[in-house]
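Residues 9 to 288 (my numbering) make up the sequence shown, in order. The beta-carbon is built from N, C-alpha and C at its ideal position, and this holds for glycine as well. First comes the structure, then the notes that go with it.
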Amino acid sequence: MNALVSRHNRWLTPHTVFTAFKYTIYVLLAYNILLWFQEDLAASAETFGDTVTWRNVVQAYSATFDTAAWVILLVLFELETAVIPDEKLKGGLKALFVTVGLICYFFIVYSFYGYYAKFGMISQVVPFDVADVCSLVGTDWNYIASLDEYPHIDVEACTAMQGQSLLQVTGTDIIATVEAHKGAFGLAVIDIVNAGTWLIIVVLLEVEVLLQLKDALTDRMMMLGKYIKGFFYLILFVCAVYSGFEGTFLDFWDAFLWLVAFIFIELNIFQWHEEVEEER
Numbered sequence: 009m010n011a012l013v014s015r016h017n018r019w020l021t022p023h024t025v026f027t028a029f030k031y032t033i034y035v036l037l038a039y040n041i042l043l044w045f046q047e048d049l050a051a052s053a054e055t056f057g058d059t060v061t062w063r064n065v066v067q068a069y070s071a072t073f074d075t076a077a078w079v080i081l082l083v084l085f086e087l088e089t090a091v092i093p094d095e096k097l098k099g100g101l102k103a104l105f106v107t108v109g110l111i112c113y114f115f116i117v118y119s120f121y122g123y124y125a126k127f128g129m130i131s132q133v134v135p136f137d138v139a140d141v142c143s144l145v146g147t148d149w150n151y152i153a154s155l156d157e158y159p160h161i162d163v164e165a166c167t168a169m170q171g172q173s174l175l176q177v178t179g180t181d182i183i184a185t186v187e188a189h190k191g192a193f194g195l196a197v198i199d200i201v202n203a204g205t206w207l208i209i210v211v212l213l214e215v216e217v218l219l220q221l222k223d224a225l226t227d228r229m230m231m232l233g234k235y236i237k238g239f240f241y242l243i244l245f246v247c248a249v250y251s252g253f254e255g256t257f258l259d260f261w262d263a264f265l266w267l268v269a270f271i272f273i274e275l276n277i278f279q280w281h282e283e284v285e286e287e288r
């Protein structure tokens, strides 16, 4: 009995619990790829119809491509900063990491373009006049429920929109109340700010990893980087809170998980730097 308790205690060390929690966050982020695909699939069916091709597939599924690329990039950061020893991050393995990372950055930047394109689409509206909104029930017309939700107009929706000023997204069969459009427009702006801020943070992290591999990362650089990235993390936190109030739970949940995940990467780099300093 005492042997079983002792073995159990060895497994439940702070390090083990911390590692298990960290990788649980990573798995949840990977699962979010499927959730975003489901949202993109429904939204693209209304905004693009059957016109989705290889030319606009990233625009139509921007959140899916973006999340998938970020998850792969997160795994690369985890391997570089906490799993693979420095002396092995060379030659062919380093070249593989660089190649995969560049592919991820391509899709991340392309997805950023997708967010910008979605902002351009949602911002182009014209007044929409109809005597009876409920006459659109059962037709191909949809309404804006959120930035990525455009369900068909049903009796409940038309009743809620009746008598309100309506807008039509140019070139689509999508209408919205002024208030609903304002909410979707705000979320589109948040998507651009959020994606752009993450790009800045990941560039700063890449610089730190490169400097650490070259044994050139100093304590002063670490301190400066902490304050600079802290400012950008604050922007991301504001975006997450805004998404939680104005968007869906998935918007907030995904943003929250990414903040936690990159806190782990920051801790990895800090510990990595401390270990190198101690060895020195």
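Under DSSP, no beta-bridge partner is assigned to residue 211.
CA-CA distance, residue 192 to residue 155, rounds to 4 Å. Here residue 37 is near residue 269, since their CB atoms are less than 9 Å apart.
Rounded to whole angstroms, the separation of the alpha carbons of residue 75 and residue 41 is 6 Å. Distances from the CA of residue 139 to each of 212, 31, 171 and 185 were compared; the closest alpha carbon is that of 171.
Note that the C-beta distance between residue 266 and residue 242 is not below 9 Å.
For residue 243, the enclosing alpha helix (DSSP H) stretches over residues 227 to 254. Three or more beta-carbon pairs separated by less than 8 Å are not found between the stretch 209 to 227 and the stretch 159 to 171, which leaves the two stretches without contact. Counting C-beta pairs closer than 8 Å gives fewer than three between the stretch 129 to 144 and the stretch 73 to 91, which falls short of the contact rule. Distance from residue 133 to residue 189 at the Cβ level is roughly 6 Å; contact confirmed, criterion being Cβ atoms closer than 8 Å. Taken in chain order, the whole beta strand (DSSP E) runs of length 3 or more contained in the stretch 84 to 172 are 133 to 136. With a cutoff of 9 Å on beta-carbon distance, residue 200 and residue 124 are scored as near each other.
For residue 263, the uninterrupted alpha helix (DSSP H) run begins and ends at 257 to 287, by DSSP.
Burial state of residue 274 is buried, judged by a 10 Å Cβ sphere holding 16 or more other Cβ atoms. Residue 224 sits in coil when the DSSP states are folded into three classes, being neither helix nor strand. Taking residue 231 as reference, the option from 28, 247, 278 and 94 with the minimal CA-CA separation is 278.
Excluding its 5 nearest sequence neighbours in each direction, residue 264 has C-beta neighbours in its own chain below 7 Å: 248, listed in chain order. Boundaries of the beta strand (DSSP E) harbouring residue 185: 182 to 185, taken from the DSSP string. For residue 186, the closest of 226, 224 and 131 by C-alpha to C-alpha distance is 131. Rounded to whole angstroms, the separation of the alpha carbons of residue 159 and residue 112 is 32 Å. Rounded to whole angstroms, residue 272 and residue 30 show a C-alpha spacing of 7 Å. The beta carbon of residue 108 sits closer than 7 Å to those of 80 and 84, all from its chain and outside the five residues before and after it, given in chain order. In chain order, 247 place their CB closer than 6 Å to the CB of residue 202, counting only its own chain and leaving out the 5 sequence neighbours on each side.
The C-alpha of residue 182 lies about 42 Å from the C-alpha of residue 106.
Around the beta carbon of residue 234, fewer than 16 other beta carbons sit within 10 angstroms, so the residue counts as exposed. Cβ contact annotation for residue 173 (same chain, cutoff 8 Å, sequence separation greater than five): 135, 185 and 186, in chain order. Burial state of residue 39 is exposed, judged by a 10 Å Cβ sphere holding fewer than 16 other Cβ atoms.
Each residue's CA atom was taken as its position, placing residue 47 and residue 204 some 22 Å apart. Taking 8 Å as the upper bound for CB-CB distance, residue 195 and residue 157 are not in contact here, some 11 Å apart.
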